[in-house]
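As structure tokens, the structure follows; a few thoughts come after it.
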Amino acid sequence: MRFQQGVDILAGQSILDPISQAIQDVVKGIYRAGGPVGRRVANLMYGTWLGHPLHPSATDIPIGAWSTGFALDLLNAVTGSGFFARCADAAVTIGTLGAVVAAASGLTDAQHPKGEGRRVSMVHGILNIGSTLLQAASLVQRARGERGSARTLSSMAFGGLLVSSYLGGELIQKYRIGVNRAAGEAVPLQWVPVMREGELPQNQLRQVEVSGSPVLLVRQGDVIYAMHATCTHLGGPLPQGTIVDSTVQCPWHGSRFAFNDGHVVHGPASFPERCLATRVRNGMIEVGPGAGLGRCQHELVRVGEAQRELAGVPA
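With positions in the sequence shown counted from 1, the corresponding number in the working numbering is that position plus 81.
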């Protein structure tokens, strides 16, 4: 309870806003300056290629390795065994290398939160970077044979890691940063009519409701596509976005999802959007369940097909 109260106090400190905003601006500026290469690096750090945020996966390496190193340092201090010392050095080295990736991916993710989530995210990141620097200093001392100071530095880093890990859990559980914002949306169990076929023009985004959840419709050529309408990143409204070739771009942070299967073309989103199957029957566009993420059937719909169906004329 006291930890939670501490986090709430931290989250309410508006004095942190100028600093956190400055950090976000610097990270955004670096990626913008990188142009197309910067965009690809950002997608790598977001975990777009993984279908899952990279940061929480990357943090497992320093958490596991530094915890192991802490235990081995204790054994070395108690026994004086050189074997434990060498193993501790290896564990700290592995953890520090992994922490660089974790910090880079975390800073990339930290570009987008606002308000309380941004404040907590900033402190979380500072603790992570501080712990990494302390472990790097510990490695220098280990190389010099100064094991006492090396253990002290690593212990300080491990303490910072514990606090940072707690804040990371808060960011996920309370502020829903790094979770799939569209995960709770319903999937229809059967075909549901949603709109007259003639009311959906070419290359215009439309929102309908299916099983109580918002669904995005778009017609491109002879195909009508459907997918959940909530951006998986931070919940942006995709129907208010823009069409870029065969993708929809979220109006909030620019994530792009492919119409045909919902996969992420550009981050910051990492989770794919769930696509839904479509067909036209009796002049009505119907939306139905897909076969799973990335596997959706979209029947071809040619001009006048709906009118022929209504008139009873074979296509």
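C-beta: ideal position from N, C-alpha, C; glycine also.
Residues of its chain near residue i, where Cβ-Cβ distance is below 8 Å and the 5 sequence neighbours each way are ignored
i: Gly-226; result: none
i: Ser-327; result: Gln-301, Ala-339, Phe-340, Asn-341
i: Ala-217; result: Thr-177
Residue i in three-state terms, based on DSSP
i: Ser-215; result: One point to set straight first is that residue 215 is Leu, not Ser, in the sequence displayed. Of the three classes helix, strand and coil, the one that applies to Leu-215 here is helix, per DSSP.
i: Val-260; result: coil
i: Glu-277; result: One detail in the question is off: residue 277 reads as Arg in this sequence, not Glu. Strand, per DSSP.
i: Thr-149; result: helix
i: Gln-105; result: helix
i: Arg-362; result: strand
i: His-136; result: helix
i: Gln-86; result: helix
i: Leu-381; result: strand
i: Gln-94; result: coil
i: Pro-269; result: coil
i: Gly-393; result: Unreliable positioning characterises Gly-393 in this predicted model, as indicated by a pLDDT of 36, which lies under 50. The coordinate reading is nonetheless provided below. Coil.
i: Glu-197; result: helix
i: Asp-154; result: helix
i: Ala-224; result: helix
Run of the beta strand (DSSP E) containing residue i, from where it starts to where it stops
i: Pro-295; result: 294-301
i: Glu-182; result: According to the sequence as given, residue 182 is Val; it is not Glu. Taken as a continuous stretch (DSSP letters only), Val-182 belongs to no beta strand (DSSP E), being part of the alpha helix (DSSP H) at 163-190.
Own chain residues within Cβ distance below 6 Å of residue i, not counting five before or after
i: Arg-223; result: Asp-170, Ala-231
i: Thr-129; result: Val-345, Gly-348, Ser-351
i: Glu-197; result: Ala-92
i: Gln-192; result: Gln-105, Val-108, Lys-109
i: Gly-163; result: none
i: Met-237; result: Leu-215
i: Glu-380; result: Arg-360
i: Tyr-256; result: Gly-198
Strand pairing of residue i, partner residues [DSSP]
i: Gln-330; result: Thr-323, Arg-337
i: Glu-367; result: Pro-274, Arg-360
i: Met-308; result: Leu-297, Cys-356
i: Pro-318; result: Thr-311
Close beta carbons around residue i, own chain, < 7 Å, minus the five adjacent residues each side
i: Ile-144; result: Leu-242, Ser-246
i: Arg-199; result: Ser-101
i: Ala-139; result: Gly-179, Val-182, Ala-183, Ser-186
i: Trp-333; result: Cys-312, Leu-315, Gly-317
i: Asn-124; result: Trp-130, His-347, Gly-348
i: Lys-195; result: none
i: Phe-84; result: Tyr-247
Inter-residue CB distance, residue i and residue j (contact presumed, cutoff 8 Å)
i: Asn-209; j: Gly-179; result: About 11 Å separates the two Cβ atoms, so there is no contact after all.
i: Asp-190; j: His-136; result: 5 Å
i: Pro-353; j: Val-268; result: The pair is not a contact, with the Cβ atoms about 14 Å apart (cut-off 8 Å).
i: Thr-213; j: Thr-174; result: About 12 Å; that fails the 8 Å criterion.
Residue span of the alpha helix (DSSP H) that contains residue i, given as start and end
i: Glu-290; result: Segment 287-291 is the beta strand (DSSP E) holding Glu-290; no alpha helix (DSSP H) there.
i: Val-346; result: Per DSSP, Val-346 belongs to no alpha helix (DSSP H); it is in the beta strand (DSSP E), 345-347.
i: Pro-117; result: 116-127
i: Leu-131; result: Premise fails: Leu-131 is in no alpha helix (DSSP H) and is neither H nor E.
i: Gln-283; result: First-last for Gln-283: undefined, no H or E at that position.
i: Gly-241; result: 228-254
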